[in-house]
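Notes to accompany the following structure.
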Amino acid sequence: METAQVVALVAFLFVAIGVALGARRTGSILSRTREAEGFRGGVADLARRVETSLGDVSVLIDGVRRRDTEPETIRASLTAASDAVERYAEEARGLAAPRIAVPHRDAIVYELERAGRALELVTHGCILYGTGRRLERGTEADTAVKRGYLNLIHARESIAEQAKLAIERAEDASPVRRIQRRGV
-15 METAQVVALV AFLFVAIGVA LGARRTGSIL SRTREAEGFR GGVADLARRV ETSLGDVSVL
45 IDGVRRRDTE PETIRASLTA ASDAVERYAE EARGLAAPRI AVPHRDAIVY ELERAGRALE
105 LVTHGCILYG TGRRLERGTE ADTAVKRGYL NLIHARESIA EQAKLAIERA EDASPVRRIQ
165 RRGV
């Protein structure tokens, strides 16, 4: 083999290695971006659905709390909301979060579980309203409904805040968004 052929072969190998490393790096960037953007979209969608579901049931619970609505009329809505919260918590657990957003995803799960407990407390209060005389069970039932309502409101607020933070962290984890911020 001549020297020129050896030099050309070595140069070709260096170029091939460079292209392979560049392709690998690009694949890694695209993979991390896909994960971050998928998580961002999933959290935004989940937060919107949680707010809609819990907002609707909060209005009904507030009616019971203010004694404008009979407790028996909201029992089906409470059951449906509890089921929805359980499904949302499972969905949140299944979201593939970038490492930087994992604490916020876990906080969303915790707050969804808190909302589930709040709905159970309201259900307990509604059951108490139906048993015995109002004077005997009224105070305990009122307390259960009011505490459940307040816990539900606080959980809703916290879920919205954690979702906002999770979306921000996912944007920070997205290499493409970082590149776009540098370029602007």
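Take -15 as the starting number for the sequence shown in my numbering and just add one per residue. Think of the CB as a built atom: it goes at the ideal place given N, C-alpha and C, for glycine as much as any other residue. Nothing here was measured: the structure is a model prediction, and the numbers come from that model.
Assumed close pair Ala81, Phe(-4) - CB separation to whole angstroms, cut-off 8 angstroms: Residue mapping note: residue 81 aligns to position 97 of the sequence shown, counting from 1. Residue mapping note: residue -4 aligns to position 12 of the sequence shown, counting from 1. That belief does not hold up - the Cβ atoms of Ala81 and Phe(-4) are roughly 42 angstroms apart, past 8 angstroms.
Can you look up Ala64 in the DSSP assignment and give me helix, strand or coil? Translated into positions along the sequence shown, residue 64 becomes position 80. Reduced to three states, the DSSP call for Ala64 is helix.
Out of Arg71, Val(-1), Leu62 and Ile45, state which residue places its alpha-carbon closest to the alpha-carbon of Arg131. Residue mapping note: residue 131 aligns to position 147 of the sequence shown, counting from 1. Per the Cα distances, Ile45.
For Arg51, name the three-state secondary structure that DSSP assigns. Translated into the one-based positions of the sequence shown, residue 51 becomes position 67. In this structure, Arg51 counts as coil in the three-state DSSP scheme.
With DSSP run on the structure shown, which of helix, strand or coil describes Ala81? To locate residue 81, count along the sequence shown from 1; it is residue 97. In the structure shown, Ala81 sits in coil (DSSP, three-state: anything other than H, G, I, E or B).
Are the beta-carbon atoms belonging to Leu79 and Arg89 less than 7 angstroms from one another? Position 95 of the sequence shown holds residue 79. Position 105 of the sequence shown holds residue 89. Cβ distance < 7 angstroms, so Leu79 and Arg89 count as in contact.
Rounded to the nearest angstrom, what separates Ala171 and Arg18 at their Cα positions? Beyond the ends of the chain as shown, which are -15 and 168, falls residue 171; an answer cannot be given.
Beta-carbon gap between Thr147 and Ala20 smaller than 7 angstroms: Residue 147 sits at position 163 when you count from the first residue of the sequence shown. Residue 20 sits at position 36 when you count from the first residue of the sequence shown. The question names Thr, but residue 147 is Ala in the sequence shown. Not closer than 7 angstroms, so no.
Going by DSSP in three states, Glu(-14) sits in which element: helix, strand or coil? The sequence position of residue -14 within the sequence shown is 2, counting from 1. If DSSP states are grouped into helix, strand and coil, Glu(-14) belongs with coil.
With 16 other CB atoms within 10 Å as the buried threshold, where does Leu38 fall? Your numbering for residue 38 matches position 54 in the sequence shown. Its Cβ being crowded by 16 or more others within 10 Å, Leu38 is buried.
If you drop the 5 nearest sequence neighbours on each side, which residues of the same chain put their C-beta closer than 7 angstroms to that of Arg98? In the sequence shown, counting from the first residue as 1, residue 98 sits at position 114. Closer than 7 angstroms at the Cβ level, and outside the excluded window around Arg98, lie Asn135 and Ala139.
What three-state label does DSSP hand Thr115 in the structure shown? If you number the sequence shown from 1, residue 115 lands on position 131. Thr115 falls in the coil class under three-state DSSP.
Rounded C-alpha distance that separates Thr107 from Ala76: One-based indexing of the sequence shown puts residue 107 at position 123. One-based indexing of the sequence shown puts residue 76 at position 92. Distance between the alpha carbons of Thr107 and Ala76 is about 24 angstroms.
Going by alpha carbons, who is nearest to Thr36 out of Tyr133, Glu155, Ala144 and Glu152? Start at 1 with the first residue of the sequence shown, and residue 36 comes out as number 52. Nearest C-alpha to Thr36: Ala144.
Tell me, to the nearest whole angstrom, how far the beta carbon of Ala85 is from that of Ala154; I am working on the premise that it is less than 8 angstroms. Taking the sequence shown and counting its residues from 1, the one referred to as residue 85 is at position 101. Taking the sequence shown and counting its residues from 1, the one referred to as residue 154 is at position 170. Contact flag correct, Cβ pair sits at about 5 angstroms.
Spatial neighbours of Ser61 within its chain, please: CB distance less than 7 angstroms, with the 5 preceding and 5 following residues excluded, ordered by chain position. Locating residue 61 in the sequence shown gives position 77, counting from the first residue. These residues qualify, in order along the chain: Val41 and Leu44.
Out of Leu149, Phe(-2) and Glu54, which has the shortest C-alpha to C-alpha gap to Gly109? As a working note, residue 109 is residue 125 in the sequence shown. That would be Glu54, whose Cα lies nearest to the Cα of Gly109.
When the distance is taken between beta carbons, is Val129 closer than 7 angstroms to Arg59? As a first step, residue 59 is located in the sequence shown; it is residue number 75 there, counting from the start. As a first step, residue 129 is located in the sequence shown; it is residue number 145 there, counting from the start. No. Outside cutoff.
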